[in-house]
Structures are given as C-alpha cells and as structure tokens.
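Asks:
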DNA sequence: GTCTATAAGCCGATAGAC
DNA sequence: GTCTATCGGCTTATAGAC
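Residue numbers (our numbering), protein chains in the order written: chain A, 1 to 192; chain B, 1001 to 1192.
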C-alpha cells in the first residue's frame, strides 16, 4: 500500500520551518522528528537520510515561492519595469518580518558549498532558473531585445539583495536593487 | 608576557582554510586543532570559543580581500565603469579555480543567520560596507551624482554574483553582473 | 508504518599536570 | 603555553518488536 502521506507532509513541514529558521547543519534529525510529532525511526522510514530530507524541504518550496513572485509581479500596476520593481518592494516588506532569514535556497547552497553534487543544489539551481525564465518571458512579451542577459541581471540583483539584507538587516537594499533592475529594463525598453 | 602569536596565527590560518572549504558548522574544533598541529587545549588557550575563532577567521580576511578588489580595479585600463567591470572579470577568473567556494563572509552570514548578533556578522557587515565606501569614493572622484545609491547597486550585483555562481557553478554570471554594473555607471556618467 | 532502545562516534569545552 | 585525558551531551542512523 501507499505510504501515509500526511505523516510525510508533517515531517517535511517541520523540517522546512526548522531548516529555514536555524540552518541545515544546525538542526538535528531528532529536532525535526520531535517537531513533527513522530519518532526518529518513523522519519527514517519516510526518508533515506538527512540529505534526502533537505532535498524534500527545498522541493516543497519551489512552486510556492515562484507563485509568490508571480503574484507580486501581476498585482503591480504599470509597465514591465514597474512590475519587476514591485517584486523587490514586496520582498522588502517581507524582509521586515522578524522571522525573515533570507532565501532558503541560497542559504542552503551556501551551507552545502562543499557538496556540489548534492540533490539540494540541483533543486535550488533549477528553482532559480525557473524564476529567470519567467522573468525573461515577461520581458520578451514587451518586445525587448537581449532578454536572456537582462533576466540574468535582474536575477543577480534579486539574489544579491537576499544576501546583502541578510547580512545588514537593512531591507532598503531591496528597494535599491529594484531601482537598479527598473533602470536596466527601462534602458532596454527605450532602445526598442 | 605576550602570547606566542605564531601559534595563534597557525590556528587562524588552519581555521580559515577549513571554514572556507567546508563551512563553519561542518568543521569541528578538533579538525582545526589537528590541521594547525596543536591540541584542542592549546586552541582553547588562544580562543575563548569556536565563535571567537570564527570571528578571527573573518577578521583576517578583511584587509586582504579589500586589497585584492582595489588591485583589480587599479590595474584595469579605462574609465571608471570599465575599471569596475574589471573587478567582475577578475572575480570570474578566480571563480573558475576548483577550490573557489563563493564569498566567505556571505557564506558565514548565511550559516549564522539564526544568530544576528554574532561577532562574525558584525565583522562581515563592516567588511562589505568598506567595499561600498571605496567604490563610492572612486565614483565620486569622477564627479558622478548619487554615488551612494550607485555604489550600493554595484555591491548588490557583486554579492549577487557570489551567490548565483556558487549555486550554478557558472562564472559567466559574473561577467553579466559586470556588464550591468558598467551599464548603471555609464548611465550616471552620461547625465553629469 | 510506527514504536522503544541503542549503536558508535563526534561535539564543544574543561581539569589539572608540567 | 602546551600537553594528556576526559566530561556530558548530542550526532546520524539502525535493530527488532508490534
């Protein structure tokens, strides 16, 4: 029979909360199991290893995060530069929440930098690439040239703002990044 | 009498190599002591705690890193936009080295995100701020307006490229970031 | 599928000798 | 200032019962 998926989901949910709040290597499998209300043995029934659990954590964040960015882009009124700037403005608002701890994908990749082939690295890279492609498609719809490079640059500003704000705890950097992104997009718009 | 500083230096040097290569929490105090050729008790004579050692590691990287950036900026021929782009080009070259693992300051801040008041966070923030100020001064010398915002934007692109290249292992993002930085600077130059 | 119990070893940090 | 020896606790992961 199929596994009890609600137990698995509870474990992933507890892992996500703890890994994001404390960091991957700072959180033990014991702590995840306890937070999920299961024994460690049950956790190891559903996941082969802690590495497997880390991968499941990031995999579960992929679609929700992308949808949030799309929501922020879609609900901002204005041209495409303003809509992209809206992503950064919303991100700055999110970063002011006391529980905000940067980007889980980037923080995990920083922590697992000594394991380049780790499944979590592959999932993180794919997630970020999807964001880039969504961005590129939005830019392309405006008839802009060189959208691949432009989408990469906006994405560099986005990930830069995650890193910088995590270090300084000053979300205004996200608004600065949004201005830079809008400026780069407007340069491309004006040379159509 | 003064402590034997060469022993201390050997410990910091061993810590730097290991923390950068493997990550902070992945490296034990035992491993650092062994790599430095001292016992753990000697290490704890020179440092109060592992946290103290982490701070010493980052503190030791502050000036060398800043001087490297200044060297790359200074040796690149051209206007200030081209010179800044030179930093990114040199960084891309460095990132192609197999031992490159991103920015030690950013990776440490990602790993210690759950300890905002950690001495290492303060040292990292100060280091990055110094880079921003050096950049701002170079831009100001060209008679550019709004150099504070511009220096922040270039720095966001720099730290973004550290994060992105660490995840994708594709140093070409650094050249893309350098193009964006040069583009933003040229916009400011042309409106003098 | 979930439990209790435990393996086997590593963790940061310390006591006390010299 | 550096050593040997060790503390108490936590680490990932597994054995075997139900």
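Glycine included, C-beta positions come from ideal geometry on N, C-alpha and C.
Name the two residues that bound the continuous alpha helix (DSSP H) containing residue 72 of chain A.
Replies: Within the first chain, residue 72 of chain A is the residue found at index 72, counting from 1. 50-75 is the extent of the alpha helix (DSSP H) around residue 72 of chain A.
Asks: List the residues of chain A that residue 1164 of chain B touches, going by C-beta distances under 8 Å, in chain order.
Replies: Taking the second chain and counting its residues from 1, the one referred to as residue 1164 of chain B is at position 164. Within 8 Å Cβ-Cβ: 128, 155, 156, 159.
Asks: Using the Cα positions of residue 1180 of chain B and residue 184 of chain A, report the straight-line distance between them to the nearest angstrom.
Replies: Within the second chain, numbered from 1, the residue matching residue 1180 of chain B stands at position 180. Within the first chain, numbered from 1, the residue matching residue 184 of chain A stands at position 184. Each residue's Cα considered, the two are about 7 Å apart.
Asks: Give the straight-line distance between the Cα atoms of residue 1161 of chain B and residue 155 of chain A, rounded to the nearest whole angstrom.
Replies: Reading the second chain from its first residue, position 161 is the one you call residue 1161 of chain B. Reading the first chain from its first residue, position 155 is the one you call residue 155 of chain A. Between residue 1161 of chain B and residue 155 of chain A, the C-alpha separation is close to 10 Å.
Asks: State the Cα-Cα distance for the pair residue 171 of chain A and residue 1127 of chain B, rounded to the nearest angstrom.
Replies: Taking the first residue of the first chain as position 1, residue 171 of chain A is located at position 171. Taking the first residue of the second chain as position 1, residue 1127 of chain B is located at position 127. Computed Cα separation, rounded: 18 Å.
Asks: Compute the Euclidean distance between the alpha carbons of residue 51 of chain A and residue 1167 of chain B, then round it to the nearest angstrom.
Replies: The count along the first chain starts at 1 and reaches residue 51 of chain A at position 51. The count along the second chain starts at 1 and reaches residue 1167 of chain B at position 167. One C-alpha to the other measures close to 17 Å.
Asks: Cutting at 8 Å between CB atoms, please list the residues of its own chain near residue 2 of chain A, excluding the five before and the five after it.
Replies: On the first chain, residue 2 of chain A is found 2 positions in, with the first residue counted as 1. At residue 2 of chain A, the pLDDT of 46 sits below 50, so the modelled position is not reliable; the number obtained from the coordinates is stated separately. Correct list: empty, nothing qualifies.
Asks: So if I threshold CB-CB distances at 9 Å, which residues from the region 1083-1110 of chain B count as touching chain A?
Replies: Those residues of the region 1083-1110 of chain B that come within reach of chain A (Cβ to Cβ, closer than 9 Å) are 1101, 1102, 1103, 1105, 1106, 1107, 1108, 1109, 1110.
Asks: Along the chain, where does the alpha helix (DSSP H) that runs through residue 122 of chain A open and close?
Replies: As a first step, residue 122 of chain A is located in the first chain; it is residue number 122 there, counting from the start. Looking at the DSSP string, the run of the alpha helix (DSSP H) that includes residue 122 of chain A is 119-140.
Asks: Hey, could you find the ends of the alpha helix (DSSP H) residue 90 of chain A is sitting in?
Replies: As a working mapping, residue 90 of chain A is identified with position 90 in the first chain. Per DSSP, residue 90 of chain A belongs to the alpha helix (DSSP H) from 80-95.
Asks: Expressed to the nearest angstrom, what Euclidean distance is found between the alpha-carbon atoms of residue 1143 of chain B and residue 1062 of chain B?
Replies: The residue given as residue 1143 of chain B occupies position 143 in the second chain. The residue given as residue 1062 of chain B occupies position 62 in the second chain. Their Cα atoms are separated by approximately 28 Å.
Asks: List the whole-angstrom C-beta distance separating residue 1112 of chain B from residue 1121 of chain B, where the pair is believed to meet the contact cut-off of C-beta under 8 Å.
Replies: Here residue 1112 of chain B refers to the residue found at position 112 of the second chain. Here residue 1121 of chain B refers to the residue found at position 121 of the second chain. At roughly 6 Å, the Cβ-Cβ gap stays under 8 Å, so residue 1112 of chain B and residue 1121 of chain B are in contact.
Asks: When the Cα of residue 1017 of chain B is compared with those of B:1129, B:1041, B:1150, B:1103, which residue comes out closest?
Replies: What you label residue 1017 of chain B is simply residue 17 of the second chain in a count that begins at 1. Residue B:1103 is the option with its Cα nearest to residue 1017 of chain B.
Asks: Around the C-beta of residue 99 of chain A, are 16 or more other C-beta atoms found within 10 angstroms, so that it is buried, or is it exposed?
Replies: As a working mapping, residue 99 of chain A is identified with position 99 in the first chain. It counts as exposed.
Asks: For chain B, find out if any of its Cβ atoms is closer than 9 Å to the Cβ of residue 183 of chain A; answer yes or no.
Replies: By 1-based counting over the first chain, the position of residue 183 of chain A is 183. At least one chain B Cβ lies under 9 Å of residue 183 of chain A.
Asks: Using a beta-carbon distance cut-off of less than 9 Å, what residues from the region 1021-1042 of chain B approach chain A?
Replies: Cβ contacts with chain A come from 1021, 1022, 1023, 1024, 1025, 1026.
Asks: Classify residue 1006 of chain B: buried if its beta carbon has 16 or more other beta carbons within 10 angstroms, exposed otherwise.
Replies: Looking up residue 1006 of chain B in the second chain gives position 6. By the 10 Å Cβ count, residue 1006 of chain B comes out exposed.
Asks: Can you find the residues in the same chain that come closer than 6 Å, C-beta to C-beta, to residue 47 of chain A, ignoring five residues on each side of it along the sequence?
Replies: Walking along the first chain from the start, residue 47 of chain A turns up at place 47. 53.
Asks: Taking Cβ-Cβ distances shorter than 7 Å, what residues in chain B pair up with residue 169 of chain A?
Replies: As a first step, residue 169 of chain A is located in the first chain; it is residue number 169 there, counting from the start. In chain order: 1116.
Asks: Roughly how many angstroms lie between the CA atoms of residue 175 of chain A and residue 159 of chain A, to the nearest whole one?
Replies: Taking the first chain and counting its residues from 1, the one referred to as residue 175 of chain A is at position 175. Taking the first chain and counting its residues from 1, the one referred to as residue 159 of chain A is at position 159. Straight-line Cα distance between these residues: approximately 13 Å.
Asks: Got a sec: is the Cβ-Cβ distance from residue 149 of chain A to anything in chain B below 9 Å?
Replies: In the first chain, the residue the question calls residue 149 of chain A occupies position 149. Residue 149 of chain A counts as touching chain B.
Asks: Looking at the structure shown, is residue 165 of chain A part of a helix, part of a strand, or coil, going by DSSP?
Replies: For the purposes of this step, residue 165 of chain A is taken as residue 165 along the first chain, with counting starting at 1. Residue 165 of chain A: helix per DSSP, three-state reduction.
Asks: Quick check: is the beta carbon of residue 1001 of chain B nearer than 9 Å to any beta carbon in chain A?
Replies: Locating residue 1001 of chain B in the second chain gives position 1, where the first residue counts as 1. Because residue 1001 of chain B carries a pLDDT of 38, less than 50, the predicted location of this residue cannot be relied on, and no value is offered for it.
Asks: Please go through the same chain and pick out, in chain order, the residues whose beta-carbon is closer than 8 Å to the beta-carbon of residue 43 of chain A, but skip the five residues on each side of it.
Replies: Here residue 43 of chain A refers to the residue found at position 43 of the first chain. 11, 29, 32, 33, 36, 53, listed in sequence order.
Asks: Using a Cβ-Cβ cut-off of 7 Å (strictly less than) and excluding sequence neighbours within five positions of residue 70 of chain A, which residues of its own chain qualify?
Replies: Locating residue 70 of chain A in the first chain gives position 70, counting from the first residue. Closer than 7 Å at the Cβ level, and outside the excluded window around residue 70 of chain A, lie 134.
Asks: Which whole-angstrom value describes the C-beta separation of residue 1139 of chain B and residue 1080 of chain B, a residue pair presumed to lie in contact below a C-beta threshold of 8 Å?
Replies: Position 139 of the second chain, counted from the start, is the residue given in the question as residue 1139 of chain B. Position 80 of the second chain, counted from the start, is the residue given in the question as residue 1080 of chain B. Confirmed, Cβ separation roughly 6 Å.
Asks: Quick check on residue 1093 of chain B: buried or exposed, where buried means 16 or more other Cβ atoms within 10 Å of its Cβ?
Replies: Stepping through the second chain from its first residue, residue 1093 of chain B is reached at position 93. Exposed, since its Cβ has fewer than 16 Cβ neighbours within 10 Å.
Asks: Residue 14 of chain A CB to nearest chain B CB: under 9 Å?
Replies: Counting from 1 along the first chain, the entry for residue 14 of chain A is found at position 14. By this cut-off, residue 14 of chain A is not an interface position.
Asks: According to DSSP, simplified to helix, strand and coil, what is residue 206 of chain A?
Replies: The structure shown does not extend to residue 206 of chain A, since chain A is modelled only from 1 to 192, so the question has no answer here.
Asks: Going by alpha carbons, who is nearest to residue 125 of chain A out of B:1169, B:1025, B:1078, B:1057?
Replies: Along the first chain, read from residue 1 onward, the residue named residue 125 of chain A stands at position 125. With distances taken between Cα atoms, residue 125 of chain A lies closest to B:1169.
Asks: Please say whether residue 1108 of chain B and residue 1058 of chain B have beta carbons closer to each other than 9 Å?
Replies: Translated into positions along the second chain, residue 1058 of chain B becomes position 58. Translated into positions along the second chain, residue 1108 of chain B becomes position 108. Yes; because the gap between Cβ atoms is below 9 Å, this pair is in contact.
Asks: With C-beta atoms as the reference, is residue 1110 of chain B less than 9 Å away from residue 106 of chain A?
Replies: In the second chain, residue 1110 of chain B corresponds to position 110, counting from 1. In the first chain, residue 106 of chain A corresponds to position 106, counting from 1. Taking 9 Å as the Cβ cut-off, residue 1110 of chain B and residue 106 of chain A qualify as a contacting pair.
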